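Peer 1:
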Amino acid sequence: MDFKKIFILIVLSLAIGFFGCAKEEKAEVPTQERITKNLVPAKAEVKGENFLIELSDLRVTTVEDIAAKEILGTPKLTGRMVITNKSEGMLDIQGVTVGYLDQAGEPIHFESGEEIATASLYLRITKPEETMTGGLDVTIPRKAIKENALGSIEINLVYIPSPLNRETIVFPEKIE
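Residue numbers for the sequence shown follow our numbering, so the first one is 1 and each next one is one higher.
(1) So, are the CB atoms of residue 60 and residue 116 less than 8 Å apart?
(2) Quick one: Cα of residue 122 to Cα of residue 95, how far?
(3) Can you list, in chain order, the stretches of the beta strand (DSSP E) that have 3 or more residues and sit fully within the stretch 17-74?
(4) Tell me whether the beta-carbon of residue 78 lies closer than 8 Å to the beta-carbon of residue 136.
(5) Is there a Cβ of chain E sitting closer than 8 Å to that of residue 16, yes or no?
(6) How would you label residue 40, buried or exposed, when you count the other beta carbons within 10 angstroms and need 16 or more for buried?
(7) When the Cα of residue 114 is compared with those of 156, 105, 71 and 90, which residue comes out closest?
(8) In its own chain, which residues sit with a C-beta less than 6 Å from the C-beta of residue 80, not counting the 5 before and 5 after it?
(9) Go through its chain and collect everything with a Cβ distance to residue 133's Cβ below 6 Å, but skip five positions before and after it.
(10) If I measure Cβ to Cβ from residue 144 and keep anything under 6 Å in the same chain, skipping five residues before and after, which residues do I get?
(11) With DSSP as the reference, label residue 144 as helix, strand or coil.
(12) Compute the Euclidean distance between the alpha carbons of residue 154 and residue 67, then round it to the nearest angstrom.
(13) Just to confirm, is the Cβ distance from residue 93 to residue 126 under 8 Å?
(14) Excluding the 5 residues preceding and the 5 following residue 97 in the sequence, name in chain order all residues of the same chain whose CB lies nearer than 6 Å to its CB.
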């Protein structure tokens, strides 16, 4: 009799262990999606007073919530930039800042909470007709993408014209 009770107890324990503790494994559905869109035109070239700037491979990358169809975080603008010195002298390129304009030519501002990274530092001296290739990796306001408001991109090139005048001053000092 004790054998039957022990056997039933073992069988019930195993049944409870297998069926009661079985975990349902569900495949997790991603909640976010990375979306990359190309800008049109794919390649643009504009000549300024001292430079020719060529932008190419421009892409906007966003991370969107799949359910809400809402952009999460600040979108990124990436691409390639080629700067050619068209002046007659050397120019010391310090950096590039990027601005965004809507269809009417008005600035598109970043909203509160968005990451603002619209500048790239270069620090390079270019000779006449010399080209400099660099990457463009900046943020773009959500509003420019969400409302399809982007009309143009404004590139501000910061440079120092050469010849640079430098002066060295020596102070006579000693430690006593």
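Where a beta carbon is used, it is the ideal one built from N, C-alpha and C, also for glycine. Being a predicted model, the structure only gives us computed values, none of them experimental.
Peer 2: Let me lay it out:
(1) Residue numbering aside, residue 60 sits at position 60 when the sequence shown is read from its first letter. Residue numbering aside, residue 116 sits at position 116 when the sequence shown is read from its first letter. Contact: no.
(2) Along the sequence shown, one-based indexing puts residue 122 at 122. Along the sequence shown, one-based indexing puts residue 95 at 95. If I take the Cα positions, the gap works out to 5 Å.
(3) Segments of the beta strand (DSSP E) lying fully in the stretch 17-74: 32-38, 43-47 and 51-65.
(4) On the sequence shown, position 78 is the one that residue 78 refers to. On the sequence shown, position 136 is the one that residue 136 refers to. One thing to note: residue 78 has its Cβ within 8 Å of the Cβ of residue 136.
(5) The chain inventory of the structure shown lacks chain E, comprising one protein chain alone.
(6) Residue 40 sits at position 40 when you count from the first residue of the sequence shown. Counting C-beta atoms within 10 angstroms of its own C-beta, residue 40 has fewer than 16 neighbours from the protein chains shown and is therefore classed as exposed.
(7) Position 114 of the sequence shown, counted from the first residue, corresponds to residue 114. For residue 114, the closest of 156, 105, 71 and 90 by C-alpha to C-alpha distance is 71.
(8) As a working mapping, residue 80 is identified with position 80 in the sequence shown. Taken in chain order, the residues that qualify are 56 and 57.
(9) Position 133 of the sequence shown, counted from the first residue, corresponds to residue 133. Leaving aside the five residues that flank residue 133 on each side, the residues in its chain whose CB is nearer than 6 Å to its CB run, in chain order, 82.
(10) For this step, residue 144 is matched to residue 144 along the sequence shown. Correct list, in chain order: 100, 108 and 150.
(11) By one-based count along the sequence shown, residue 144 stands at place 144. DSSP places residue 144 within a helical segment (H, G or I) once states are collapsed to three.
(12) Counting from 1 along the sequence shown, the entry for residue 154 is found at position 154. Counting from 1 along the sequence shown, the entry for residue 67 is found at position 67. Roughly 34 Å separates the two Cα atoms.
(13) Residue numbering aside, residue 93 sits at position 93 when the sequence shown is read from its first letter. Residue numbering aside, residue 126 sits at position 126 when the sequence shown is read from its first letter. Yes, the pair counts as a contact, with Cβ atoms nearer than the cut-off.
(14) For this step, residue 97 is matched to residue 97 along the sequence shown. 118, 119 and 156, listed in sequence order.
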